[in-house]
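Trainee:
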Amino acid sequence: MKTLLLTGATGFLGSHMLVSEAQAGTRILASVRDGNKLRRLIASEGISGENIIPLGVDPSTWGDIKPTHALLSAGVLFARDRETYHSVNVDWTLRVLEALPMECRAVVVSSQAAGGPTPKGVSARREVDVDTPITLYGKSKLELERAIQLSHSKRPVTILRPPMILGGRDTATLPLFKMAAGLVRAKPGLRKKEYSFIAAEDAVEAVRASWESGLSGPFYIAAENTITDVELIDTAARVGKSRGITLPLPHLLVKCFSRIVDAVPRLRASVPSLTRDRALDIWADRWVVDSSLFRKQTQWTSTLGLEQSLQRAYDFHVASGMLNQAS
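The working numbering puts the first residue of the sequence shown at 47, with every later residue one more than the last.
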């Protein structure tokens, strides 16, 4: 019987994998911080929890687990300092890998941020390009990749570098839909920005293709077409049946706002999603990657476009009561 160790099982990508594999009858060892959140996910999706075994987040408490497959999708997206990113994205992930049997087929979710923005003079970033991460988050992901390549050279570990992932259960798109519902929609910066993206369902299939191939090293995965910042905002508005116009917001205002939100939450001991460090991602003009190498080596292909992915995200927000249904 296929046994899957899944970290980040209640997160965005992890939850999609959990639901899909549970429906296929896979035995799932789900590493989660909040068991109640896992139970709510199982109930809301109408799947059987019979083969889903909750685990804590400390690998030393797992005992002698023997998964045949593993997806390590958990990590810290927003933090104030390098140490926090490093402790989870690097140290903890390596501890999880150490807990796996050598024959386990492991996939680690990194990020496009590990490579950095698209270099000037090229159409898309490829695996052969020099990595130039610009945020603490991206640097922690690259540090993890290099540590895996050094310490797990005898174990085939596929490292996937997805761009922005879109789809149902994506809480990160909620501010996008709320902003798109206004009469005036703001886009950061005066210049056009270009992005790669991938649908959550396509990312799940990329993980499965990785298990089957047993490839090692980092690979970019993305939809074949790219999008602009205006397309992203206007498509979200169209999905939400909103009317309005999209206007550029000067970078100086974005920079000032990021400084404010970076400082004020210190009084509340919370971490905002737009810090000065993460604002660097917004200022970059191109986050475009080429996933042809992974496609050639695995026969994987993407199937869902931008509007389909945003529609699923919108439907999730409406069903969850976080957005009002557009009339």
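Glycine included, each C-beta is placed from N, C-alpha and C at the ideal position.
Given that a residue counts as buried once 16 or more other Cβ atoms are within 10 Å of its Cβ, and exposed if not, what is residue 147?
Mentor: Answer is exposed; the Cβ neighbour count stays below 16.
Trainee: What is the C-beta distance between residue 292 and residue 353, in whole angstroms, given that I count them as a contact (C-beta under 8 Å)?
Mentor: That pair is no contact at about 16 Å.
Trainee: State the Cα-Cα distance for the pair residue 215 and residue 56, rounded to the nearest angstrom.
Mentor: Roughly 10 Å separates the two Cα atoms.
Trainee: Report yes or no: do three or more beta-carbon pairs, one from the segment 150-165 and one from the segment 182-197, lie closer than 8 Å?
Mentor: Flag = yes, the segment 150-165 and the segment 182-197 touch.
Trainee: Tell me the DSSP secondary structure of residue 75 in three-state form.
Mentor: Strand, per DSSP.
Trainee: Please classify residue 370 as buried or exposed, where buried requires at least 16 other C-beta atoms within 10 Å of its C-beta.
Mentor: Counting Cβ neighbours within 10 Å, residue 370 comes out exposed, since fewer than 16 surround it.
Trainee: Ignore the nearest five residues each way along the sequence and tell me which others in residue 60's own chain have a CB closer than 8 Å to its CB.
Mentor: Same-chain partners within the cutoff: 52, 53, 54, 117, 119 and 120.
Trainee: Compute the Euclidean distance between the alpha carbons of residue 114 and residue 50, then round it to the nearest angstrom.
Mentor: Approximately 6 Å between the Cα atoms of the pair.
Trainee: Can you give me the start and stop residues for the beta strand (DSSP E) that residue 204 sits inside?
Mentor: Per DSSP, residue 204 belongs to the beta strand (DSSP E) from 203-207.
Trainee: Could you check the C-alpha separation between residue 364 and residue 218 for me, to the nearest Å?
Mentor: The alpha-carbon atoms of residue 364 and residue 218 are separated by roughly 14 Å.
Trainee: To the nearest angstrom, how far is it from the Cα of residue 63 to the Cα of residue 288?
Mentor: The straight-line gap from Cα to Cα measures roughly 32 Å.
Trainee: Start and end of the alpha helix (DSSP H) containing residue 281?
Mentor: Segment 275-285, the alpha helix (DSSP H) holding residue 281.
Trainee: Pair every Cβ in the segment 325-343 with every Cβ in the segment 261-277, then say whether three or more of these pairs are closer than 8 Å.
Mentor: Cβ pair count under 8 Å is three or more, so yes.
Trainee: Would you give the residue range spanned by the alpha helix (DSSP H) that residue 141 belongs to?
Mentor: Run containing residue 141: 139-144, per the alpha helix (DSSP H) assignment.
Trainee: Who are the Cβ neighbours of residue 200 in its own chain at under 8 Å, not counting the five residues just before and after it?
Mentor: Here the set comprises 148.
Trainee: Between the Cα of residue 112 and the Cα atoms of 143, 85 and 122, which residue gives the shortest distance?
Mentor: The candidate whose alpha carbon is nearest that of residue 112 is 143.
Trainee: In the structure shown, what three-state DSSP assignment does residue 333 receive?
Mentor: In the structure shown, residue 333 sits in a strand (DSSP, three-state: E or B).
Trainee: Between which two residues does the beta strand (DSSP E) holding residue 47 run?
Mentor: Careful: residue 47 lies outside any beta strand (DSSP E) and carries neither H nor E.
Trainee: Relative to the C-alpha of residue 324, which residue among 48, 71, 127 and 84 is closest?
Mentor: Comparing Cα-Cα distances from residue 324 to each of 48, 71, 127 and 84, the minimum goes to 127.
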